[in-house]
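J.: Quick one: this structure, given as structure tokens, is what I'll be asking you about.
Here you go:
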């Protein structure tokens with residue numbers, strides 16, 4: 458086998474860079490998830506309050 462020094466560098470970049478890129482991707486696109494507006498939050502809280510204790514667990 459003929460080993461080249463670039464082989465080690467390629468694997469180092471893959472091992473270190475892969476999780477780093479995944480983390481950056483999740484940080485950027487995870488913060489873009491849709492948040493409820495103030496009115497939607499108020500309606501949601503009211504519905505949860507009215508439904509409190511009425512749910513049945515199977």
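In the numbering used here, the protein residues as written are 458 to 515. Even for Gly, the Cβ is constructed at its ideal location relative to N, Cα and C. This structure is a prediction, so every number in the text was calculated from the model and none was measured.
(1) Do you know offhand how far residue 494's Cα is from residue 487's?
(2) Output needed for residue 473: all residues of its chain with C-beta closer than 7 Å, excluding positions within five of it in sequence on either side, in chain order.
(3) Rounded to a whole number of angstroms, what is the C-alpha to C-alpha distance between residue 508 and residue 476?
T.: In this structure, then:
(1) The alpha-carbon of residue 494 is positioned some 18 Å away from that of residue 487.
(2) So no residue of the chain qualifies.
(3) Distance between the alpha carbons of residue 508 and residue 476: 43 Å.
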